[in-house]
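Q: Numbering (our numbering), first residue to last: 6 to 478. Glycine included, each C-beta is placed from N, C-alpha and C at the ideal position. Bear in mind that the values here come from a model prediction, so they are computed numbers and not experimental data.
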Ligand SMILES: Cc1ncc(COP(=O)(O)O)c(C=O)c1O
């Protein structure tokens, strides 16, 4: 057995309940402390006792730091762990793409020095537009016309005509008065949330909300609370208990990135309205994927006019890089001037603005892409269910396969890589112990043949990992 590099992690098993504060279960934010459900039992959560390099995850380093290990020692031991993993061909990270991110592409793996031609199930390129000729050409033309960088912050002189054009397209897509772009989706949430709330205000976020929402909320002086995943009744209780807060901001996602489930948006809108709270909907994964025009979950549920702020990224369906917020012009204009992540950071390059703008045009002119994306999602989801994998109940282009341990996750991911199927693995602390999973994402460009081949590789790896029966066909 390999040395346990962070031995403290062996002796301090984590609780299988969600603690109220000073949470070691770092994936999960604190719940309201005066609630009956503060020690909510998490389904599928098991105590975590890593005892070898096979079980090692970043959580062990975080815990060692919390327990007083100095940064120099932690960094050295972490490096040793990475070296051990790499020498055994077990590092799941730092793959290099050698071709455009597409349904099938070449990937370089340092551990076996191989360029592999892989079926790509690890990209959020949902509409398959990152290599679309119109999108690529738009980026090239923008570079020729405006150069490669913005050279300034958006409010100063970092805005180009193509930036303004993209903002109008985004506002139109979201049926909003105005839009403002940022250099990334992460920066959007951080800037939007931290600019809107102050001391005496309240932010309530779905417990599975993206890290960028939590970081934005924690940057402000506002009170920050979680509500139980997709539970409008719990949201109602949290808002009722904090009714004295000034500005109240509720943050949810249009398609949750780890489970691939949709929000109960109609009910959440009602609760937010009743409490006079602003509602922010992060459509990072749902823009382009949901809604008849690709407008996202708000369009899908017919509640566009009830969302105060639509946040999104340009890096998934829109095939580029950057983020955006849309809403009424007063709020968006306020954010433009007060969001520190926009004010103190360079504006996105004209190339990425042009690529996203062209991607929106292609999304509208080629609606069959969204149809294919959903056909592919239904096919893979039903195949995995039929084989007996534990996966989501809801169908979406994000399909989790629950593996349940770090060791199993490594084994399965590496076996799939050996068989040229590229998947993402999601360890603790991103998800709870026992919820370690492969995360598959589908695109419109996958062919049925590629998906059949990928499902067969997943079946065999699932049998080897003991997740499904050998007789499953
Ligand atoms: C829900 C959500 N919000 C925001 C982001 C950040 O977007 P970006 O990659 O553009 O920084 C992501 C990225 O995965 C996300 O899943």
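Is residue 474 helix, strand or coil when you go by DSSP?
A: Locating residue 474 in the chain shown gives position 469, counting from the first residue. In the structure shown, residue 474 sits in coil (DSSP, three-state: anything other than H, G, I, E or B).
Q: Starting from the C-beta of residue 450, find all residues in its chain whose C-beta is less than 7 angstroms away, skip the five residues before and the five after it, and write them out in chain order.
A: Taking the chain shown and counting its residues from 1, the one referred to as residue 450 is at position 445. Cβ neighbours of residue 450 beyond the five flanking positions: 107, 108 and 133.
Q: Residues in its own chain within less than 6 angstroms of residue 460 by CB, not counting five upstream and five downstream?
A: Counting from 1 along the chain shown, the entry for residue 460 is found at position 455. The residues are 388.
Q: Reducing DSSP to helix, strand and coil, say where residue 124 ends up.
A: Along the chain shown, read from residue 1 onward, the residue named residue 124 stands at position 119. Looking at residue 124 - three-state DSSP - the assignment turns out to be strand.
Q: So which residues put a beta carbon under 6 angstroms from any heavy atom of ligand 1, going in chain order?
A: This selection yields 189, 190, 191, 194, 215, 217, 258, 262, 287, 289, 290, 318, 320 and 328.
Q: How would you label residue 174, buried or exposed, when you count the other beta carbons within 10 angstroms and need 16 or more for buried?
A: Translated into the one-based positions of the chain shown, residue 174 becomes position 169. The residue is buried, with at least 16 neighbouring Cβ atoms inside 10 Å.
Q: For residue 1, which residues from the same chain have a beta carbon less than 8 angstroms from its beta carbon, with the 5 sequence-adjacent residues on both sides left out?
A: Residue 1 is absent from the structure shown; the chain starts at 6 and stops at 478.
Q: Looking at the structure shown, is residue 431 part of a helix, part of a strand, or coil, going by DSSP?
A: As a first step, residue 431 must be located in the chain shown, where it is residue number 426. Residue 431: strand per DSSP, three-state reduction.
Q: Go to residue 373, then tell me how far its beta strand (DSSP E) extends in each direction, as first and last residue.
A: As a first step, residue 373 is located in the chain shown; it is residue number 368 there, counting from the start. Careful: residue 373 lies outside any beta strand (DSSP E), inside the alpha helix (DSSP H) at 373-392.
Q: Within a Cβ cutoff of 6 angstroms, which residues of the same chain sit near residue 252, ignoring the five residues on either side of it in sequence?
A: Taking the first residue of the chain shown as 1, we reach residue 252 at position 247. Here the set comprises 202 and 206.
Q: Run through the DSSP bridge pairs and tell me what residue 184 is partnered with.
A: Taking the first residue of the chain shown as position 1, residue 184 is located at position 179. Paired residue(s): 331.
Q: Could you have a look at residue 446 and say whether DSSP puts it in helix, strand or coil?
A: Residue 446 sits at position 441 when you count from the first residue of the chain shown. Looking at residue 446 - three-state DSSP - the assignment turns out to be strand.
Q: List the whole-angstrom C-beta distance separating residue 418 from residue 97, where the pair is believed to meet the contact cut-off of C-beta under 8 angstroms.
A: Position 413 of the chain shown holds residue 418. Position 92 of the chain shown holds residue 97. Between residue 97 and residue 418 the Cβ distance is about 5 angstroms, and since that is below 8 angstroms, they are a contact.
Q: Can you name the start and end residues of the beta strand (DSSP E) that residue 228 belongs to?
A: Residue mapping note: residue 228 aligns to position 223 of the chain shown, counting from 1. 228-232 is the extent of the beta strand (DSSP E) around residue 228.
Q: Out of 411, 117 and 312, which one is the CA nearest neighbour of residue 62?
A: Counted from its first residue, the chain shown places residue 62 at position 57. Among 411, 117 and 312, the Cα nearest to that of residue 62 belongs to 411.
Q: Looking at the structure shown, is residue 81 part of a helix, part of a strand, or coil, going by DSSP?
A: Residue 81 sits at position 76 when you count from the first residue of the chain shown. Residue state, collapsed to three classes: helix.
Q: Using only the alpha-carbon positions, how far apart do residue 414 and residue 469 sit?
A: In the chain shown, counting from the first residue as 1, residue 414 sits at position 409. In the chain shown, counting from the first residue as 1, residue 469 sits at position 464. Whole-angstrom Cα-Cα distance: 12 angstroms.
Q: Given this structure, state the Cα-to-Cα distance separating residue 382 from residue 74, to the nearest angstrom.
A: As a position in the chain shown, residue 382 is number 377, starting the count at 1. As a position in the chain shown, residue 74 is number 69, starting the count at 1. Their backbone Cα atoms lie some 45 angstroms apart in a straight line.
Q: Using 8 angstroms for Cβ pairs, my map puts residue 403 next to residue 262. What's the rounded Cβ distance?
A: Along the chain shown, read from residue 1 onward, the residue named residue 403 stands at position 398. Along the chain shown, read from residue 1 onward, the residue named residue 262 stands at position 257. At roughly 6 angstroms, the Cβ-Cβ gap stays under 8 angstroms, so residue 403 and residue 262 are in contact.
Q: DSSP three-state call for residue 131: helix, strand or coil?
A: Indexing the chain shown from 1 puts residue 131 at position 126. The answer is coil: DSSP assigns residue 131 none of H, G, I, E or B.
Q: What does the alpha-carbon distance come out to for the pair residue 45 and residue 244?
A: Taking the chain shown and counting its residues from 1, one reaches residue 45 at position 40. Taking the chain shown and counting its residues from 1, one reaches residue 244 at position 239. The predicted position of residue 45 is uncertain, since its pLDDT is 35 and thus under 50; a value taken from the coordinates is nonetheless stated next. The straight-line gap from Cα to Cα measures roughly 19 angstroms.
Q: Assuming contact is defined by CB atoms lying nearer than 7 angstroms, are residue 200 and residue 332 in contact in what I supplied?
A: Counting from 1 along the chain shown, the entry for residue 200 is found at position 195. Counting from 1 along the chain shown, the entry for residue 332 is found at position 327. Cβ distance not < 7 angstroms, so residue 200 and residue 332 don't count as in contact.
Q: In this structure, how does DSSP classify residue 305 when only helix, strand and coil are distinguished?
A: By 1-based counting over the chain shown, the position of residue 305 is 300. DSSP places residue 305 in helix when its eight states are reduced to three.
Q: For the putative contact between residue 273 and residue 319, defined by C-beta atoms under 8 angstroms, what is the C-beta separation to the nearest angstrom?
A: As a first step, residue 273 must be located in the chain shown, where it is residue number 268. As a first step, residue 319 must be located in the chain shown, where it is residue number 314. With 8 angstroms as the limit, residue 273 and residue 319 do not qualify as a contact, their Cβ atoms being about 25 angstroms apart.
Q: For the beta strand (DSSP E) holding residue 208, just list the boundary residues, first then last.
A: Translated into the one-based positions of the chain shown, residue 208 becomes position 203. From DSSP, the beta strand (DSSP E) with residue 208 extends over 207-211.
Q: Report the residue from 270, 277, 453 and 340 whose alpha carbon sits nearest the alpha carbon of residue 301.
A: For the purposes of this step, residue 301 is taken as the residue at position 296 of the chain shown. Ranking 270, 277, 453 and 340 by Cα distance to residue 301 puts 270 first.
Q: By the three-class DSSP mapping on this structure, what secondary structure does residue 256 have?
A: To locate residue 256, count along the chain shown from 1; it is residue 251. Residue state, collapsed to three classes: strand.
Q: Using 8 angstroms for Cβ pairs, my map puts residue 316 next to residue 287. What's the rounded Cβ distance?
A: Against the chain shown, residue 316 aligns to sequence position 311. Against the chain shown, residue 287 aligns to sequence position 282. Correct: roughly 5 angstroms between the Cβ atoms.
Q: Would residue 464 and residue 392 qualify as a contact pair, given that the criterion is a beta-carbon distance under 7 angstroms?
A: Mapped onto the chain shown, residue 464 falls at position 459. Mapped onto the chain shown, residue 392 falls at position 387. Contact flag set, yes.
Q: Shortest alpha-carbon distance to residue 129 belongs to which of 204, 478, 466 and 447?
A: Position 124 of the chain shown, counted from the first residue, corresponds to residue 129. Out of 204, 478, 466 and 447, 447 has the C-alpha closest to the C-alpha of residue 129.
Q: Specify, as a first and last residue, the run of the beta strand (DSSP E) that residue 114 falls within.
A: Working through the chain shown from its first residue, we reach residue 114 at position 109. Per DSSP, residue 114 belongs to the beta strand (DSSP E) from 109-114.
Q: Could you check the C-alpha separation between residue 473 and residue 390 for me, to the nearest Å?
A: For this step, residue 473 is matched to residue 468 along the chain shown. For this step, residue 390 is matched to residue 385 along the chain shown. Each residue's alpha carbon lies about 10 angstroms from the other.
Q: To the nearest angstrom, report how far apart residue 365 and residue 211 are at their CA atoms.
A: Position 360 of the chain shown holds residue 365. Position 206 of the chain shown holds residue 211. Between residue 365 and residue 211, the C-alpha separation is close to 29 angstroms.
Q: So, helix, strand or coil for residue 166, using DSSP?
A: Taking the chain shown and counting its residues from 1, one reaches residue 166 at position 161. Note: residue 166 maps to helix in three-state DSSP.
Q: What residue range is occupied by the uninterrupted beta strand (DSSP E) comprising residue 317?
A: By 1-based counting over the chain shown, the position of residue 317 is 312. Residue 317 -> beta strand (DSSP E) spans 314-318.
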